[in-house]
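**Student:** Chains as they are written, first to last, in my numbering: chain A, 1 to 334; chain B, 1001 to 1334.
2 protein chains.
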Amino acid sequence: MSGTKNRQLILKEIPKGKLGPEHFQLRESDVPKPGTGEVLVKVRYISIDAANRAWMQGTTYRAAVKAGDIMAGYSLGEVVEPGDTKLKKGDLVFGDCGWQDYAARPATELNRLPGLEPVTHLLSVYGITGLTAYFGLTEIGAPKSGETLVISAAAGAVGSVAGQIGKVKGCRVVGITGSDEKCAWLTGELGFDVAINYKTENIHEALQKACPDKIDIYFDNVGGEILEAVLFQTNTNGRIICCGAVSGYDGELPTKGPRGIPGLLVVNRITMRGFIVSDFLERFTKAFQDLAEWVATGKIKVREDILEGLENTPQALIGLLNGENLGKRMVKVA
Amino acid sequence: MSGTKNRQLILKEIPKGKLGPEHFQLRESDVPKPGTGEVLVKVRYISIDAANRAWMQGTTYRAAVKAGDIMAGYSLGEVVEPGDTKLKKGDLVFGDCGWQDYAARPATELNRLPGLEPVTHLLSVYGITGLTAYFGLTEIGAPKSGETLVISAAAGAVGSVAGQIGKVKGCRVVGITGSDEKCAWLTGELGFDVAINYKTENIHEALQKACPDKIDIYFDNVGGEILEAVLFQTNTNGRIICCGAVSGYDGELPTKGPRGIPGLLVVNRITMRGFIVSDFLERFTKAFQDLAEWVATGKIKVREDILEGLENTPQALIGLLNGENLGKRMVKVA
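(1) With 16 as the cutoff for other CB atoms within 10 Å, does Q1289/B come out buried or exposed?
(2) For R44/A, count neighbouring C-beta atoms within 10 Å of its own C-beta (all shown protein chains included) and say buried if the count is 16 or more, exposed if not.
(3) Roughly how many angstroms lie between the CA atoms of G1037/B and A1157/B, to the nearest whole one?
(4) For a contact defined as C-beta to C-beta under 9 Å, what are the partners of D213/A on chain B?
(5) Given N1312/B, which residues of its chain have a CB within under 8 Å of its CB, disregarding the five upstream and five downstream residues?
(6) Does DSSP classify E1181/B as helix, strand or coil?
(7) With 9 Å set as the bound, which would you pick, yes or no: does the beta-carbon of A54/A sit closer than that to a beta-carbon of chain B?
(8) Taking the alpha-carbon of H204/A as reference, which of F232/A, P114/A, G73/A has the nearest alpha-carbon?
(9) Just to make sure I have the definition right: I need the residues of chain B whose C-beta is within less than 8 Å of the C-beta of T138/A. Which are they?
(10) By DSSP, does P1106/B sit in helix, in strand, or in coil?
(11) In whole angstroms, what separates the C-alpha of F1024/B from that of Y198/A?
(12) Terminal residues of the continuous beta strand (DSSP E) containing R349/A?
(13) Considering only residues of the same chain and omitting the five flanking positions on each side of N221/A, which have a CB-CB separation below 7 Å?
(14) Does the beta carbon of K256/A sit closer than 9 Å to a beta carbon anywhere in chain B?
(15) Counting only beta-carbon separations shorter than 9 Å, does P1262/B have a partner in chain A?
(16) Compare the beta carbon distance of K1018/B and L1307/B with 9 Å and say whether it is the shorter of the two.
(17) If I follow the unbroken beta strand (DSSP E) through A1379/B, where does it start and stop?
(18) Tell me the DSSP secondary structure of N1052/B in three-state form.
(19) Which chain A residues sit within Cβ distance under 9 Å of I1270/B?
(20) Report the residue from A1103/B, L1110/B, E1147/B whose alpha carbon sits nearest the alpha carbon of M1071/B.
(21) Could you pull the start and end residues of the alpha helix (DSSP H) that E293/A belongs to?
(22) Closer than 7 Å, Cβ to any Cβ of chain B: which residues of the segment 43-67 of chain A, in chain order?
(23) Under a three-way DSSP split, which group does M1001/B fall into?
(24) Within 10 angstroms of its Cβ, does A184/A collect 16 or more other Cβ (buried), or is it exposed?
(25) Using a Cβ-Cβ cut-off of less than 8 Å, give me the residues of the segment 1272-1297 of chain B that come near chain A, in sequence order.
(26) What first and last residue would you give for the alpha helix (DSSP H) that runs through V1031/B?
(27) Whose C-alpha, out of Y134/A, V161/A, K169/A, G130/A, is nearest the C-alpha of P143/A?
(28) Touch check for the segment 129-139 of chain A and the segment 102-116 of chain A: three-plus C-beta pairs under 8 Å?
(29) Which residues in chain A sit within 8 Å of L1265/B, going by Cβ to Cβ distance?
(30) Per DSSP, what kind of secondary structure is T60/A in: helix, strand or coil?
(31) Determine whether the Cβ of R1329/B lies closer than 9 Å to any Cβ atom of chain A.
(32) Flag this pair as touching only if the segment 1250-1259 of chain B and the segment 1174-1188 of chain B have three or more C-beta atom pairs under 8 Å; answer yes or no.
(33) Going along the chain, which residues of its own chain have a beta-carbon closer than 8 Å to the beta-carbon of N268/A, five neighbours each way excluded?
(34) Compile a chain-ordered list of the residues in the segment 1227-1251 of chain B whose CB is closer than 7 Å to at least one CB of chain A.
(35) Straight-line CA distance for M272/A to V1031/B?
(36) Show which residues of chain A have a CB atom less than 7 Å away from the CB atom of G1223/B.
Right, dumping it as structure tokens:
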């Protein structure tokens, strides 16, 4: 270990409305000492994910983050004290280390990562977001060549990879995003067939125009009104990949759901299925192989949005929730 | 043919609110003459289904019924003039013959049925509703012994069979229905573990009490608030069988959907899947065999609610939408 202090970001209070900098507090404490079975991890990059905000709303697939807790968050770290575990000093690991410089974590709750360059790809295309895109689209979406795939939050870390995999699979790919700059990136750089700016276009009309054969697969990262609009234009036997609901994360919980459920699901025999990436753990190796091949052959272009400094982590999340980022956002800590 | 007149029930206007007798008109016309490839069918029993009302709302898996049309409806009929087709005089057939005494229908749109007694079972347990219960539960619900299965409209034609199949599969079965009489029938006669009267009980509390291990499978016939209540108590990897949405059929289309979608689907990895029975056509033979065995061994008790007279068909549907029936409702025409 380094002998320096450990900076930690505390979630001071649970936001009732939108998340702001006032909900966080930076404090310093001693670098923790790992106990039995634990290692000391030096955090290098913190992954910024919309789900971080959902964790403040209550129990999800993990316990809620409560007021006074160190803010939870996945990160890429380096083992500095392996203790009595099988990990070695210098090993790269992935896990929930929280928003801080150092974390003492049980070795069993960390995943050792391979060494590759750039290491940031371990948080983007080869990390949770890339794997989420991969399994969501291939396992739940089951795309067939010629089908129409619509993706929301399409310029985000998951959406941008999911859309490019859709192109690999021969789909017509339509991305929904929140700025003209993002639209230009999706169609100009990533090969999406159409991009829709939901802030300036009428989403119903834009979808109708972009999807002349209606929608077969919807990769949903947002929920809410966009989900509703898509539902009304989904084909028989359509599949809706329920990956996230960011429209409902940054504020009070939504008081209504999308119209057409369950009526349209019955009439058009639509499947909606929620998932999290760890459901597919046993198939990670094959996923890595496919993703690495597509990156190597230029079929997937990786974009990362890297901010600097632990102290900027709150603003990184606030900005992500406001749609600032293109591609995978993370914070370089060390 | 018989030489008599053909009575027909016309949908006079599309109801804006609840369906009433004023929306129908009885008229007489000549018995139709079958054209090339058509047969003349004498309608014996008309199947009364909640879906009949949904057909008035717009296009579903079939074209909408429009003002001035003969009211559509499935029925069990007897071929009286087989014309140039492969069917024979006296054959029992199933198809959409409409609410009338006689129909001229293409032979290719009729299913020939086996002769068995009572013949009404061809519309109930061995008909669309029994098969819907069978495929919805076994294919989409995929029940495992010890799981908790909740069913809405549980005393209806589909729900009452689905619940009994759930018991065959070893599930804890909880039925939701609208009267104490129905509750008593579900638990006293059909072997449901618990029955909830949603009109007199708090549905959230009643579900909590009835499902101490939460809900694994929900056979949804109603949508709306009951779907929402179930969603909030569904386990990880839960399955929601979207079979119908009767809460939204008899009136204006719902202006909101259930809360928790898609958020809860993601967090708990829930699958919602809509279906119609014809999606499983190639497995009908196996379904018949299973159902016949369960009926023969008393594992499925069949209840039929048979009204008499074509002229009473509108009231039969209106009553069904108001929850009058126990088991499969049909109208004996001849």
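Backbone N, C-alpha and C define an ideal beta-carbon position, used for all residues, glycine too.
**Tutor:** A quick look at the data gives this:
(1) By 1-based counting over the second sequence, the position of residue 1289/B is 289. Per the 10 Å Cβ criterion, exposed.
(2) Your numbering for residue 44/A matches position 44 in the first sequence. Label assigned to R44/A: buried.
(3) For the purposes of this step, residue 1037/B is identified with residue 37 of the second sequence, where counting begins at 1. For the purposes of this step, residue 1157/B is identified with residue 157 of the second sequence, where counting begins at 1. Cα to Cα, G1037/B sits roughly 33 Å from A1157/B.
(4) Counting from one through the first sequence, the residue named residue 213/A turns up at place 213. What D213/A touches in chain B: nothing, since even the nearest Cβ is about 17 Å away.
(5) By 1-based counting over the second sequence, the position of residue 1312/B is 312. Cβ within range, chain order: V1331.
(6) By 1-based counting over the second sequence, the position of residue 1181/B is 181. E1181/B: helix per DSSP, three-state reduction.
(7) In the first sequence, residue 54/A corresponds to position 54, counting from 1. Closer than 9 Å to some Cβ of chain B, the Cβ of A54/A qualifies, so yes.
(8) Translated into the one-based positions of the first sequence, residue 204/A becomes position 204. Closest by alpha carbon: F232/A.
(9) Position 138 of the first sequence, counted from the first residue, corresponds to residue 138/A. In chain order: nothing, as chain B lies at least about 16 Å away.
(10) Counting from one through the second sequence, the residue named residue 1106/B turns up at place 106. Strand, per DSSP.
(11) As a position in the second sequence, residue 1024/B is number 24, starting the count at 1. As a position in the first sequence, residue 198/A is number 198, starting the count at 1. F1024/B and Y198/A: Cα-Cα distance of roughly 45 Å.
(12) Residue coverage of chain A in this structure runs from 1 to 334, which leaves residue 349/A outside it and unanswerable.
(13) As a working note, residue 221/A is residue 221 in the first sequence. The answer, listed in chain order, is S152, A153, G156, V158, G159, C243, G244, V246.
(14) For the purposes of this step, residue 256/A is taken as the residue at position 256 of the first sequence. Judged by the 9 Å Cβ criterion, K256/A is in contact with chain B.
(15) The count along the second sequence starts at 1 and reaches residue 1262/B at position 262. For P1262/B, the answer is yes, since a Cβ of chain A falls inside 9 Å of its Cβ.
(16) Locating residue 1018/B in the second sequence gives position 18, counting from the first residue. Locating residue 1307/B in the second sequence gives position 307, counting from the first residue. Going by C-beta atoms, K1018/B is not nearer than 9 Å to L1307/B.
(17) No information on residue 1379/B is available, as it lies outside the stretch 1001 to 1334 that chain B covers here.
(18) For the purposes of this step, residue 1052/B is taken as residue 52 along the second sequence, with counting starting at 1. Three-state DSSP puts N1052/B in a helix.
(19) Your numbering for residue 1270/B matches position 270 in the second sequence. In chain order: C242, M272, R273, G274.
(20) The sequence position of residue 1071/B within the second sequence is 71, counting from 1. Of the candidates A1103/B, L1110/B, E1147/B, the one whose C-alpha sits nearest the C-alpha of M1071/B is A1103/B.
(21) Indexing the first sequence from 1 puts residue 293/A at position 293. First-last of the alpha helix (DSSP H) with E293/A: 284-296.
(22) T60, Y61
(23) The residue given as residue 1001/B occupies position 1 in the second sequence. Any reading at M1001/B must be qualified, since the residue scores a pLDDT of 45, below 50, and its modelled position is unreliable; the value itself is stated next. Coil.
(24) Against the first sequence, residue 184/A aligns to sequence position 184. The residue is exposed, with fewer than 16 neighbouring Cβ atoms inside 10 Å.
(25) M1272, R1273, G1274, F1275, I1276, D1279
(26) For the purposes of this step, residue 1031/B is taken as residue 31 along the second sequence, with counting starting at 1. Run containing V1031/B: none; DSSP gives neither H nor E here.
(27) The residue given as residue 143/A occupies position 143 in the first sequence. Minimum Cα distance to P143/A is reached at K169/A.
(28) no
(29) Translated into the one-based positions of the second sequence, residue 1265/B becomes position 265. By Cβ distance, chain A contributes C242, M272, R273, G274.
(30) For the purposes of this step, residue 60/A is taken as the residue at position 60 of the first sequence. Coil, per DSSP.
(31) Numbered from 1 along the second sequence, position 329 holds the residue referred to as residue 1329/B. Answer no: the Cβ-Cβ gap between R1329/B and chain A never drops below 9 Å.
(32) no
(33) Residue 268/A sits at position 268 when you count from the first residue of the first sequence. Excluding sequence neighbours, N268/A sits near T234, N235, T236, N237, G238.
(34) L1227, C1242, C1243, G1244, A1245, G1248
(35) One-based indexing of the first sequence puts residue 272/A at position 272. One-based indexing of the second sequence puts residue 1031/B at position 31. Looking at the two C-alpha atoms, the distance is approximately 47 Å.
(36) Along the second sequence, read from residue 1 onward, the residue named residue 1223/B stands at position 223. Correct list: P262, G263.
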